[in-house]
Amino acid sequence: MDWTALWLSLRLAGWTVVILLPVAVLMGRLLAYRKFHAKVLVEALVMLPLVLPPTVFGFYLLVAFGRNSLLGDLWQSLFGHQLVFSFQGLVAASVIFNLPFAIQPAQRGFESIAPEVREAAACCGMSPLRSLWKVELPLAWPGLMTAMVLTFAHTLGEFGIVLMVGGSIPGETKTIAISIYDRVQGFDDKGAAIMSAVLVTISLFTIALTLWLSSRVGRRLS
Amino acid sequence: MALEILVRAQTPIPLDVSFQVAPGELVALVGHSGSGKTTVLRTIAGLWRPALAQVRVNGRTWLDTAAGVDLPAHRRRVGIVFQNYALFPHMTAAQNVMAAMDRADPAEASRILDLVNLHDLADRKPAKLSGGQQQRVAVARALARKPQALLLDEPFSAVDRATREKLYSEIIVLRRHLQMPVVLVTHDMTEAQLLADRMVVIDKGRVVREGTTAQIMADAGALRALGIREVAAMLPATIAAHDDDGLTRLDAPTGPLFLPGVTGAPGTRVQVRIMAHDVILSRQRPVGLSAQNIIAGKVGEVVYGTGPGVLVHIDVSGHEILSRITRRAADQMALTPGDTIHAIVKSMSVARDHVARAPQEDPQTSDMTTSQGAPDKTP
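Rendered as structure tokens:
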């Protein structure tokens with residue numbers, strides 16, 4: 001059992017969720033409430049990671065993060081190591097390829113709030129920030145919850161993009177999914193079986209926990 | 223004036239409306255759906271910003287597009303009751319009310335819920351409340367904001383007739399304690415006539431007429447915009463007795479009036495809306511008729527319209543009853559102002575929700591369900 005890889009995967013998933021939560025709230029709200037010309041384009045861009053092959057997506061990320069890229073050079077000069085094939089680079093890639101999993105459910109969550117309810121909040125004297133905190137977040141919570149769980153679970157399971165952007169450096173970029181792949185390649189069927197079972201258990205538990213929590217939220221509202 | 227508004231816009235619909243509301247006055251904004259009433263209300267609340275508009279409340283400018291003043295909705299002291307109430311579904315009734323306070327005050331919330339007779343249901347979520355109860359929470363929440371203007375957007379349209387009858391009386395009683403200007407948007411003339419001090423009639427985005435109920439009802443132009451079937455007279459009356467057969471005897475200036483089961487104890491002052499098309503006229507006092515109310519009066523103005531109908535004003539000891547009859551009948555009867563005439567009103571033609579509490583204070587307390595103690599406490 002490769003505990004280092006599991007711990008890395010969990011850290012990666014955790015960081016991705018933490019970074020994407022505010023992004024999901026901001027973007028989900030924007031797409032749910034506002035009408036603007038480029039809205040369809042923005043929604044399409046957000047959806048793109050769902051349809052692109054991980055290799056294509058990974059390739060573009062490599063180009064964007066790699067040596068001689070604007071972002072890559074900036075990172076190199078700031079932190080003294082390159083962005084690709086590092087944990088930070090993996091987090092950045094993970095954040096980007098999880099955008100649809102975080103934003104879409106969040107957007108649906110905010111869309112489920114009747115416009116009059118938001119107007120009522122304003123007419124109750126609530127500032128936009130207070131309205132977000134007291135009214136919108138509690139009501140959009142099931143959507144945000146789904147967003148976070150999908151992101152977490154999806155990060156644990158992602159393989160192609162991680163391999164492209166991160167390589168397979170133990171303790172730095174070797175996630176559990178990649179570790180399982182290595183075991184299979186090395187004919188260690190027992191190790192692969194154990195780690196697969198652990199991954200299935202963690203994923204199942206996470207999703208079940210969310211479903212249970214969101215059903216509680218549902219009951220709270222009725 | 224406590225509330226002054228002027229709106230000019232081309233979208234969403236062409237709009238050119240201006241009117242004023244005095245402190246404590248209830249003005250009904252009436253007109254067909256799509257006439258622009260709600261847009262006017264939303265402009266006052268700060269939920270809509272027309273091309274050109276001015277909103278002034280108690281001398282303070284909330285909106286002046288020309289001067290670039292535009293207070294956001296949450297900075298305007300406005301209480302609004304939405305058509306579908308728009309309660310916060312995740313909060314209890316009490317929490318909904320407290321959400322509108324500057325500082326959450328449970329004691330104050332419970333006092334306001336008392337005011338709308340909802341004290342026992344303070345801990346219920348909106349989903350567990352009936353339509354009428356939700357409406358009361360919405361009213362309580364609007365009042366909790368300590369509004370300088372109270373806005374009601376078709377607040378009775380989502381409840382059934384029986385509940386509406388009760389809510390009308392509650393609002394009338396509650397209003398005696400309100401000092402702010404109130405604007406009621408409605409397409410229901412019963413509502414407007416029972417609740418409003420004054421009406422502003424809007425048609426296709428323009429103010430057609432403005433005036434008291436009596437003035438509007440005597441105005442052919444206003445009636446054209448409202449629909450001629452809405453013409454009705456208002457009679458003040460006092461509940462005299464509930465008879466064993468289910469009829470209630472009311473004392474009206476026009477004599478006794480028998481109506482089916484009116485809610486309220488003897489002595490309660492009410493107002494009765496009598497639709498003009500329900501009133502039959504007769505020169506002689508008819509005998510052998512099923513109708514229970516035969517009111518003698520004098521023919522006043524006889525207004526001929528462009529259609530086959532005629533509106534006859536009947537003066538009964540200083541009060542007015544309106545009757546809408548055919549031009550043919552008016553010609554056959556040769557109605558002339560000053561003639562003695564009998565107005566016949568079927569008891570059953572007066573719907574329950576066409577009777578509501580009188581807007582003035584009762585001389586004595588009644589045991590009507592809507593007045594249990596709470597309204598005596600001034601907010």
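From first to last, the protein sequence lines stand for chains A and B. Heads up: the first sequence at position 143 corresponds to 143 in my numbering, and the numbers run straight through without jumps. Position in the second sequence counted from 1, then plus 222, gives you my numbering. Note that the Cβ used here is the ideal one computed from N, Cα and C, for glycine as well. If you're wondering where the values come from, they're calculated on a predicted model, not measured in any experiment.
Annotation for Q185 of chain A: the continuous alpha helix (DSSP H) segment containing it runs I176 to Q185. From the beta-carbon of M126 of chain A, the residues of chain B found nearer than 9 Å are H296, A321 and A322. Cβ neighbours of W270 of chain B within its own chain (closer than 7 Å, five residues either side excluded): T261 and R264. Going by beta carbons, I496 of chain B and A436 of chain B fall outside the 7 Å limit.
G527 of chain B sits in coil when the DSSP states are folded into three classes, being neither helix nor strand. The beta carbon of A326 of chain B does not come within 7 Å of any beta carbon belonging to chain A, so the residue lies off that interface. By the criterion of a C-beta distance shorter than 7 Å, L71 of chain A is surrounded in its chain by A64, F65 and L83, once the five residues flanking it on both sides are discounted.
Taken in chain order, the whole alpha helix (DSSP H) runs of length 4 or more contained in the region 87-118 of chain A are 87-97 and 99-111.
Close partners of L139 of chain A in chain B (Cβ separation under 9 Å): F310, P311 and H312. According to DSSP, V423 of chain B shares a beta bridge with B:V252 and B:R431. In the DSSP assignment, E542 of chain B forms a beta bridge with B:D537. Bounds of any alpha helix (DSSP H) do not take in Q242 of chain B; it lies within the beta strand (DSSP E) bounded by L237 to V243.
Residue burial annotation: V40 of chain A is exposed, with fewer than 16 other C-beta atoms found within 10 angstroms of its C-beta. Residue-level contact check: E136 of chain A does not touch chain B, since none of the beta carbons of chain B fall below 7 Å from its beta carbon. Going by C-alpha positions, A267 of chain B is about 12 Å away from A275 of chain B. Identification of chain A residues near L269 of chain B by a Cβ-Cβ cut-off of 8 Å yields E119, A122 and C123, ordered along the chain. Interface annotation, E172 of chain A: not in contact with chain B, CB-CB separation never under 7 Å. Contact between A315 of chain B and A366 of chain B does not hold, since their C-beta atoms are separated by about 11 Å, which reaches or exceeds 8 Å. Within chain A, E116 and A120 have C-beta atoms less than 7 Å from the C-beta of F304 of chain B, given in sequence order.
From the beta-carbon of V300 of chain B, the residues of chain A found nearer than 8 Å are C123. When rounded, the separation of the alpha-carbon atoms in V303 of chain B and Q357 of chain B is 8 Å.
Between A224 of chain B and A273 of chain B, the gap from beta carbon to beta carbon reaches 7 Å or more. Cβ-Cβ distances below 6 Å link V291 of chain B to T283 in the same chain, with the five nearest sequence neighbours on each side left out; the list follows chain order. The C-alpha of P458 of chain B is placed about 12 Å away from the C-alpha of S539 of chain B. For W270 of chain B, the three-state secondary structure derived from DSSP is coil.
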